[in-house]
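Have a look at the structure below before the remarks.
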Amino acid sequence: MLESKWGLRFIAFLLALFFFLSVNNVFGNIFNTGNLGQKSSKTIQDVPVEILYNTKDLHLTKAPETVNVTISGPQSKIIKIENPEDLRVVIDLSNAKAGKYQEKYQVKGLADDIHYSVKPKLANITLENKVTKKMTVQPDVSQSDIDPLYKITKQEVSPQQLK
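Heads up, the sequence shown is in full-length UniProt numbering, so the first residue is 1 and it goes up one at a time.
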């Protein structure tokens, strides 16, 4: 069998299949024994924070932009999380009203057997009501800013009011 071309191809295929399945942890803990468990941890720096809130009525004035996330779990799954785009750090304040909040972060996009911790653990967030005002726009041009050979005869702005 080892001397024929097809026998070698078959053995190469079986080896490739075995390596593929073991790297992707298809066998689970069959081959792990005691201290040889392949657990791993990794810290991902500066993961952007997404804050969900009522953007129509509220304004976010104080919130963290990035956090550090430490993940731990099976090495085969930790290796797959290469860049921060794989993770979403979310704070859900969709039902919140104006005020100050101290909330925990939630990390989305991780498998169930991967554990995470976020630093800092809590986010201090301030939501304020949006205020809409109508303001009149008035031009303010000083004659001293203009060459003495020129003279301002008329000042006009468009639009005359802003919201």
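Note that beta-carbon positions come from the ideal geometry of N, C-alpha and C, so glycine has one too. Quick caveat, the model's predicted, so the values are computed rather than measured.
Check: Under a Cβ-count criterion, where at least 16 other Cβ atoms within 10 Å of its own Cβ denotes burial, should Ile152 be classed as buried or exposed?; Outcome: exposed
Check: Pick helix, strand or coil for Val141, following the three-state DSSP scheme.; Outcome: coil
Check: From Leu93, Glu50, Met135, pick the residue whose C-alpha is nearest to that of Glu85; which is it?; Outcome: Glu50
Check: Give me the Cα-Cα distance between Asp46 and Lys5, rounded to the nearest whole angstrom.; Outcome: 52 Å
Check: In angstroms, rounded to a whole number, what distance separates the CA positions of Ser158 and Met135?; Outcome: 13 Å
Check: Nearest CA to the CA of Tyr101: which residue from Pro74, Leu110, Leu60, Lys80?; Outcome: Leu60
Check: Consult DSSP for Ile71 and reduce its assignment to one of helix, strand or coil.; Outcome: strand
Check: State the CB to CB distance for the pair Gln75 and Asp92, rounded to an integer number of angstroms; the pair is presumed to be in contact (CB under 8 Å).; Outcome: Incorrect: roughly 31 Å between the Cβ atoms, too far for contact.
Check: Is it right to say Ile125 is buried, meaning 16 or more other beta carbons lie within 10 angstroms of its own, or is it exposed?; Outcome: buried
Check: Measuring only the C-alpha atoms, how far is Glu128 from Lys119?; Outcome: 25 Å
Check: On the CB-based measure, 16 or more other CB atoms within 10 Å of its CB, does Ala123 come out buried or exposed?; Outcome: buried
Check: Mapping DSSP to helix, strand and coil, what is Ser22?; Outcome: helix
Check: Kindly give me the distance between the Cβ atoms of Gln160 and Val137, rounded to whole angstroms, as I take these residues to be in contact under 8 Å.; Outcome: 6 Å
Check: Would you kindly report the start and end of the unbroken beta strand (DSSP E) that includes Gln106?; Outcome: 106 to 108
Check: Starting from Ser40, follow the beta strand (DSSP E) in both directions and report where the run begins and ends.; Outcome: 39 to 53
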